[in-house]
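Residue numbering for the sequence shown follows this note's numbering, beginning at 70 and increasing consecutively.
C-beta atoms are modelled at their ideal positions from N, C-alpha and C, and glycine is treated no differently.
Worksheet: one structure, shown below.
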Amino acid sequence: MPTSILVRLAGQVILVDAGLGVSRAVCDAGVALTDLDAIIVTHMHSDHYLELGPLMHTAWTAGLKRVVPIYGPAGLTAYWQGFLASMEADISLRIADEGRPALEPLADIRLLNAGQFTIGSVTIDAIRNEHPPLIDSFALRLTGDGKSATLSGDTAPIDTMIDFAKDTDLLVHEAMLSAGIDALCERVGNGDDRLRVHLERSHSPAGEVAKIASAAGVKQLALNHLIPSDDPDFTLADWHAEIAPHYSGPLFVGTDGMTIPL
């Protein structure tokens, strides 16, 4: 399924990205939707925020009555307002018929930018990554209780990731098998050569990810946002073959529901 990462750190429950399927995935992880302390959207591609509105609405019907801070790039407010407009009949009915609180103010949307902020006892550092044509696309490092997790977001390989992820307990980095691009573009079938250009300039070959992880001295490496993710011609062996020449530490190739202790 598309991208979502649930981080439980220093007493905080933070959701990073809200792709399709996220509401079910959070519940499957044993977390009530009403227990999320914050949500961060790393960039405005649909596979990272498509289900944000439905998640908040479902949490609301499940009893949410406290404000949830939601950090994201410019444009997220317009999405939220558009979602509310699309559901106005249902929201108004539930407020009038069931006595629900207003849904709109429960989402405290805050602009995500490069820099540092805190969510409870968790410190979050954000840097811009390289995901053209978007400018507002971010990598995150979350630190608390002496542990850290660094999340690359969607990005081409960038040298700044080495210092950003230095000595982190876990680096979660997007990864691509360059050999799988041809098959992916052919299977998708509704794009043109621009799809290939986007993939090649905006995402990270797995071997380059391994070099970053090694140079940064990360304690564990997890690959996510896999390209391709569902092609039977490419297996775990292909991912390990790309990583092994450059990184020898613990490696996780992401699957839905995977849990990684820090």
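What first and last residue would you give for the alpha helix (DSSP H) that runs through residue i?
i    : result
L119 : Looking at the DSSP string, L119 is not in any alpha helix (DSSP H), and its letter there is neither H nor E.
K280 : 275 to 285
D159 : 157 to 167
S271 : 262 to 271
A244 : Where A244 is concerned, there is no enclosing alpha helix (DSSP H), although the beta strand (DSSP E) it sits in stretches over 239 to 245.
T229 : 229 to 233
Report, in whole angstroms, the separation of the C-beta atoms of residue i and residue j, which I expect to be a contact under 8 Å.
i    : j    : result
V76  : L211 : 6 Å
S107 : P138 : Residue 107 is actually Ala in this sequence, not Ser. Yes, A107 and P138 are in contact; Cβ-Cβ is about 5 Å, under 8 Å.
L102 : Y140 : With 8 Å as the limit, L102 and Y140 do not qualify as a contact, their Cβ atoms being about 18 Å apart.
Whose C-alpha, out of the options, is nearest the C-alpha of residue i?
i    : options                : result
G318 : S271, A252, D236       : D236
M230 : D238, L239, A208, D251 : A208
V266 : D251, G286, V278       : D251
G276 : E167, R263, E243       : E243
E255 : D300, L121, D223       : D300
H114 : A147, S206, V287       : S206
V287 : Y148, G132, V278       : V278
V110 : L133, A225, C96, Y148  : Y148
Which residues in the same chain as residue i place their Cβ atom closer than 7 Å to its Cβ, once the five residues preceding and following it in sequence are excluded?
i    : result
F303 : L246, G249, P297
Please return the same chain residues whose Cβ sits closer than 6 Å to the Cβ of residue i, not counting the five positions on each side in sequence.
i    : result
D177 : V136, P138
L84  : L75, L105, I108
D346 : The displayed coordinates of the chain run from 70 to 331. Any statement about residue 346 would go beyond what the structure contains.
A282 : L240, L290, Y316
W129 : L172
K280 : H315
For residue i, collect the residues of the same chain with a Cβ closer than 8 Å to its Cβ; drop the 5 residues on either side in sequence, then sort them by chain order.
i    : result
L119 : P71, A87, G88, L89
M327 : A291, F321
Hey, quick one: how far does the beta strand (DSSP E) through residue i stretch, first residue to last?
i    : result
A313 : Segment: none, A313 is in no beta strand (DSSP E) and carries neither H nor E.
F303 : No beta strand (DSSP E) contains F303, which DSSP labels as neither H nor E.
V85  : 81 to 85
R65  : Residue numbering for the chain in the displayed model covers 70 to 331; residue 65 lies beyond these limits and cannot be assessed.
A107 : 107 to 109
**Request:** Pair every Cβ in the region 159 to 177 with every Cβ in the region 216 to 226, then say whether three or more of these pairs are closer than 8 Å.
**Result:** no
**Message:** With three or more beta-carbon pairs closer than 8 Å as the criterion, would you say the region 254 to 272 touches the region 314 to 328?
**Reply:** no
**Request:** Answer yes if the region 189 to 204 comes into contact with the region 153 to 163, meaning at least three C-beta pairs across the two stretches below 8 Å, and no otherwise.
**Result:** no
**Request:** Please confirm if the region 254 to 266 is in contact with the region 310 to 317, defined as three or more CB-CB distances below 8 Å between the two stretches.
**Result:** no
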